Structures are given as structure tokens and as C-alpha cells.
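First to last, the sequence lines map onto chains A and B.
According to this note's numbering, the first sequence is numbered sequentially starting from 1.
According to this note's numbering, the second sequence is numbered sequentially starting from 383.
Note that beta-carbon positions come from the ideal geometry of N, C-alpha and C, so glycine has one too.
Keep in mind the model is a prediction, meaning the values are calculated, not measured.
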Amino acid sequence: MTETDVAIHAPALAKLPLDALHRRLGARMAPFAGYDMPLQYEAGIVAETLHTRRAASLFDVSHMGQAILAGAGVARALESLTPADLVALARERTRYTQLLNESGGILDDLLVTRLPGVEERLLLVINAARKQADFALIAAALPRFDFNPLDRALLALQGPRAAAVLGALLPGAEDLAFMGWRAFDFGGAPLFVSRSGYTGEDGFELSVRAEHAEDLAQLLLAHEDVAPAGLGARDALRLEAGLPLYGHDLDETTDPVEAGLGWSIGKRRRAEGGFPGDARIRQGLEQGPARLRVGLLPRSKAPLREGAELYASETLVGHVTSGGFSPTLQRPIAMGYVAIKYAHVGATLSATLRDKRIEVDMAALPFVPHRYFKTPIGKDAR
Amino acid sequence: MSDLRYSKDHEYLALDGDVATLGISDYAQAQLGDIVFIELPEVGKKVGKGKEIAVIESVKAASEVYSPVSGEVIEVNSELGETPALVNDDPLGRGWLVKLRISDPGECASLMDEPAYSSFLKTL
């Protein structure tokens with residue numbers, strides 16, 4: 001048998017700070033974006049996904065790029081590359097946005113946090129595979145600002161028990177608002193805590209000095225509610241949560257409006273423009289995009305995979321960009337782009353699956369409802 | 383007691399006269415991870431040596447299973463329709479895929495016996 005979808009082990013894979021821990025935990029390692037990453041642990045993708053939805057899972061996402069961009073006026077300057085309102089981003093708040101090319105295509109998606117302090121500093125978290133390209137783009141476009149890539153580990157603690165677990169270790173972390181950020185002390189060094197993630201669950205991303213990463217991971221894993229989870233579960237969780245993955249659901253040919261990310265485009269930015277591809281994106285916002293990212297529920301037991309073509313009668317109307325099996329729903333799920341004329345929730349398309357045609361119902365995203373933290377009324381929402 | 387033979391692609395054949403029970407090895411099921419769907423051939427289908435005989439879908443990926451020998455499908459494991467995870471739990475037992483009537487027993491000669499397969503796995 002052969003695995004059609006598994007990359008050949010490339011030479012010289014970079015190792016991350018938690019490499020030894022993953023191996024001790026029995027991880028199956030796989031190459032991802034040039035790094036040797038844990039695909040799954042002994043429990044397997046299904047069990048790890050379900051554990052995340054039920055309790056809490058610890059993911060190593062240290063392959064992602066982290067950098068600080070600093071200097072007076074840097075938020076406004078970065079708006080020249082992204083459609084988010086970054087000038088209005090308050091200190092210790094995080095915002096999701098995209099780096100765009102001149103035609104409005106997505107070069108990467110990223111999180112931007114305004115750091116505390118008098119100096120204007122932005123913390124960026126970007127996709128592993130786009131690190132070199134993003135860094136080069138930012139350095140070239142914003143030459144008068146200080147740009148410092150960080151060599152820190154990044155862990156994600158995700159799931160309904162994440163806040164209780166982290167709050168016991170870092171008192172106050174459990175009160176952070178969704179997309180709030182704060183620096184805590186860990187081992188005498190700052191630990192950056194952001195209430196965010198990519199699973200649809202409440203949770204945190206923890207940016208820690210590389211030499212402290214294993215201590216932090218061990219402390220979290222020692223909790224009975226926490227189990228390690230790999231990139232396989234992370235992919236299943238984000239697909240269930242309807243979240244697009246760069247390189248699959250997002251690329252240089254997709255713009256934020258057709259990707260269903262119009263919510264991340266600031267109101268002021270819609271009115272003013274001034275970002276790459278603003279003409280196409282504003283037109284898409286006003287008149288609707290040419291195609292739309294939709295959820296897909298195949299009426300088959302076999303999963304639909306990336307690349308499958310979607311038809312309305314005999315007309316090719318789109319294609320699948322992510323597909324797999326949902327451990328939570330115990331059925332195949334997928335997402336893809338469909339020409340706007342055919343993109344209606346509840347309507348049925350067909351797809352090619354090997355030598356068969358199968359029916360595929362379009363569905364609203366997310367497949368599994370988001371359960372992000374909502375700040376209780378009366379609490380300071382920061 | 384049937385005679386167990388393995389291919390380099392991690393299929394096994396349990397030989398009993400001219401009938402072979404085909405499945406995937408324990409190593410292969412562990413590599414695939416959680417199996418969620420298996421597409422099996424029709425009974426009566428004739429397959430050539432090295433040709434696709436089934437597709438195994440794990441959470442992550444689709445993987446083709448090739449028949450290491452030529453033959454005719456005489457039975458498929460219908461339990462896998464409801465419980466594909468049997469291939470994870472018991473690949474050499476209840477997780478078998480297909481029974482074949484072998485057309486050329488000589489094709490089995492190039493397959494590995496268990497000690498040879500164990501040695502082969504150590505080279506991977």
C-alpha cells in the first residue's frame with residue numbers, strides 16, 4: 001500500500017525545543033513546513049480531538065513564526081499590508097488579519113497583538129511555511145521600523161478545561177478576555193499569554209522562552225485534564241470549527257471576502273481603503289464576491305479530500321480545499337470554494353470521489369459551534 | 383495454520399491452498415492512524431499483481447492497497463462497513479480486507495515470510 005498524501009521525509013528537518021519531550025510521549029513525528037512535528041501521540045487523532053472538546057489538550061505550535069515590529073506609527077504602517085484596523089487595536093489586545101498582495105490575494109494570515117508600554121510595538125504570529133516570505137515582505141515594505149523575529153516556543157492549551165488549568169498555574173489568566181493578551185512571569189522571564197487558538201474551543205496560546213518550554217509543557221501535562229495532541233488533531237479541530245488553513249483554504253488567489261473573512265476587515269478600512277487589493281476587496285464587500293468558501297457535507301462514508309471537484313449538474317462550480325473525517329460528528333466534513341451563483345446553504349452539489357459521483361450538501365460553518373470565552377457581564381473586558 | 387506472507391508495501395497474505403486472505407500489517411495500520419472508511423472491491427473482481435484492490439481512508443489521508451498477487455475476489459470483509467477501526471484493532475484477524483483465489487501461486491515466492499518482514503521493518 002502507499003500513502004498518497006504523506007510527504008517524503010525531507011533531509012535536514014529543523015528540530016524544535018520540545019522535540020525530546022514529544023518522542024518521550026510517544027509522538028509519531030512527521031515533516032511539516034520544514035520542521036519535524038508531532039502528527040499524533042499514542043492516543044491517535046480521533047481520541048486527541050475528542051479530548052480537546054471534552055477537557056484540554058496541549059499542542060506544540062513552535063514552528064509558527066513570531067516577531068516584534070516596533071516604532072512610532074508602526075500600526076498605521078502595517079495597515080499598508082493588511083485590511084485590519086490596527087490603529088484602533090488597544091494595548092494587550094489581539095486581532096486576526098491577513099497580509100495581502102496587490103490583487104487582494106492572501107499572502108498569509110496572522111495574529112497581531114499590540115504590546116503594552118509607551119513604545120508602539122506589535123507582536124506578530126504567522127504561519128510556519130510563510131515565515132521567510134512574510135519576514136522579507138515586512139522588512140522591505142516597512143524598512144524604518146525595528147523588526148525582530150523571536151526565537152520562542154509557542155504552545156496552545158485548548159479546550160473547556162484550559163482556563164481552569166492555566167489559571168491554577170498563572171493566577172489571573174482565566175480572567176483574560178477572548179483575544180486578550182498579557183505577559184506573566186514564568187521562571188523569571190516573561191510568558192506571553194493570548195486567549196486565542198485555532199480549535200473553536202476556549203483556550204490560550206503561550207509564547208515562552210525556548211529554554212523554559214519543556215518546564216511549562218510538563219507542568220501543564222501533569223494536570224489530569226490535559227493530554228498532548230498533535231497536528232493531526234489540530235487540523236481536524238480547525239476543520240470542524242470552519243477555520244481556514246493557509247496553503248489549503250487560503251492562498252494568493254483567494255481574497256478575504258470570498259474566504260468568508262470579511263468580518264476581520266475594519267470598518268474604517270472598508271471606507272478608506274489603503275491596503276493592497278482594496279479595489280477588489282471593497283467591490284467584493286459591496287457587491288458580493290465571485291465565489292465563497294462554504295461548508296460541505298458529503299453524503300458518503302468516505303471523506304472528500306482537498307482537490308475534489310464540485311459540480312452543479314455537469315457544470316464545474318468549485319472545488320474542495322480541505323476535507324477529512326470529523327471525530328466529533330463521526331462523519332466526513334469538508335470545505336471549499338463554490339461560485340456565488342451556486343453557493344447556497346442547504347443546496348446540493350456533486351463531487352467526484354475516485355470513480356464515483358457523490359452528492360454533497362452545502363452547510364453553514366462552523367460544523368461544531370465555537371465555544372470561545374465570553375467575559376461575564378460586569379467584568380472588565382480586557 | 384495458514385502461511386503468512388508480506389509485501390514491501392505492507393500488505394499481508396494468509397495463504398491456505400489457493401485462497402489468500404489479504405490485509406494490511408500491524409505496522410501499516412499504526413502508520414495510517416485512525417481508519418474511518420474502507421472501500422472494498424466487488425466480489426468476482428479480477429485483480430492483477432500490483433493493482434489497486436482497496437482504498438483505506440484514515441482521518442488524515444486516503445491510501446491505496448495493492449494486491450501483491452493476481453487473483454479473483456471471492457469474499458470481502460463486510461464487517462468493515464460499520465466498523466472500519468477493526469483494521470486498527472486487529473489487522474491480522476478480524477480486520478482482514480479481502481479473500482482472493484490466487485491465479486498464479488508462483489507470484490507468492492517473492493513475498494517475505496514473517497522473520498524477513500520483521501527484518502525489513504527494521505530497515506525503515
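Using a Cβ distance threshold of 8 Å, A/Ala363 and A/Leu297 count as a contacting pair. Inclusion of A/Gln158 and A/Pro256 in the CB contact set at 8 Å is not warranted, their separation being larger than that value. Setting aside the 5 residues that flank it on each side, A/His248 is surrounded in the same chain by Glu306, Thr321 and Ser322, each with a C-beta closer than 7 Å to its C-beta; the list follows chain order.
Two segments are said to touch when three or more pairs of C-beta atoms, one from each, lie closer than 8 Å; by this definition the stretch 15 to 24 of chain A does not touch the stretch 117 to 135 of chain A. The beta-bridge partner set that DSSP reports for A/Thr94 consists of A/Thr113. According to the DSSP secondary-structure assignment, A/Leu99 is paired through a beta bridge with A/Asp108.
DSSP, reduced to helix, strand and coil, places A/Arg354 outside both helices and strands of the structure shown, so it counts as coil. For B/Lys504, no Cβ of chain A is located within less than 8 Å of the residue's own Cβ.
Of all residues in the stretch 31 to 57 of chain A, only Gln40, Gly44, Ile45 and Val46 place a beta-carbon less than 7 Å from a beta-carbon of chain B. Under DSSP, the beta-bridge partners assigned to A/His319 are A/Glu309 and A/Tyr337. At a beta-carbon threshold of 9 Å, the residues of chain A lying near B/Gly415 are Arg28, Leu39, Gln40, Gly44, Ile45, Val46 and Gly232, ordered along the chain. Considered as a whole, the stretch 126 to 205 of chain A harbours 146 to 150, 152 to 158, 181 to 186 and 189 to 194 as its complete beta strand (DSSP E) runs of no fewer than 3 residues, in chain order. Restricting attention to A/Tyr311, A/Lys374, A/Val165 and A/Lys341, the CA atom closest to the CA of A/Leu349 is found in A/Tyr311.
Under the DSSP assignment, A/Gln218 falls in the alpha helix (DSSP H) whose first and last residues are Ala213 to Leu221. B/Gly426 and B/Glu454 have their alpha carbons spaced roughly 6 Å apart. Secondary structure of A/Phe32 (DSSP, three-state): strand. Using a Cβ-Cβ cut-off of 8 Å, A/Gly324 counts as an interface residue toward chain B, since at least one Cβ of chain B sits closer than that to its own.
Taking C-beta atoms under 8 Å as the contact rule, A/Pro289 and A/Ile340 qualify, at a distance of about 6 Å. A/Ala168 places its beta carbon 8 Å or farther from that of A/Val193. Within the stretch 438 to 451 of chain B, Ile438, Glu439, Ser440, Val441, Lys442, Ala443, Ala444, Ser445, Glu446, Val447 and Tyr448 place their CB atoms closer than 9 Å to a CB of chain A, listed in sequence order.
Counting along the chain, B/Asp486 sits inside no beta strand (DSSP E), nor does DSSP assign it H or E at all. Taking 9 Å as the cut-off between beta carbons, the residues of the stretch 292 to 306 of chain A near chain B are Ser300, Lys301, Ala302, Pro303 and Arg305, in sequence order. Within the model, the alpha-carbon separation for A/Thr94 versus A/Asp175 is close to 15 Å.
Within chain A, no residue has its beta carbon less than 9 Å from that of B/Glu457; the closest one is some 20 Å off.
Taking a 10 Å sphere around the C-beta of A/Ala163, we find 16 or more other C-beta atoms and assign the residue as buried. A check of alpha carbon separations from A/Glu214 across A/Gly180, A/Arg23 and A/Leu13 identifies A/Arg23 as the nearest. Taking a cut-off of 8 Å for Cβ pairs, the stretch 258 to 275 of chain A and the stretch 408 to 418 of chain B do not touch, as fewer than three such pairs fall below it. Here B/Arg476 has Leu468 as same chain residues with Cβ atoms under 6 Å from its own Cβ, once five neighbours each way along the sequence are excluded. Interface flag for B/Glu421 against chain A is set, since a Cβ pair is found closer than 8 Å.
By the rule that beta-carbons nearer than 8 Å mark a contact, A/Arg354 touches chain B. According to DSSP, B/Ala444 shares a beta bridge with B/Glu439. Look at A/Pro83 here: in three-state DSSP terms it is coil, with no helix or strand label.
Nearest in C-alpha terms to A/Arg144, of all of A/Asp185, A/Arg54, A/Gly71 and A/Asp225, is A/Gly71.
Using a 10 angstroms sphere on the CB of B/Val447, the tally of other CB atoms reaches 16 or more, which defines it as buried. Of all alpha-carbon atoms in A/Arg195, A/Glu211, A/Leu237 and A/Asn101, the one lying nearest the alpha-carbon of A/Gly188 is that of A/Glu211. Among the residues facing chain A, B/Val418 is included, as its CB has a counterpart in that chain under 8 Å away.
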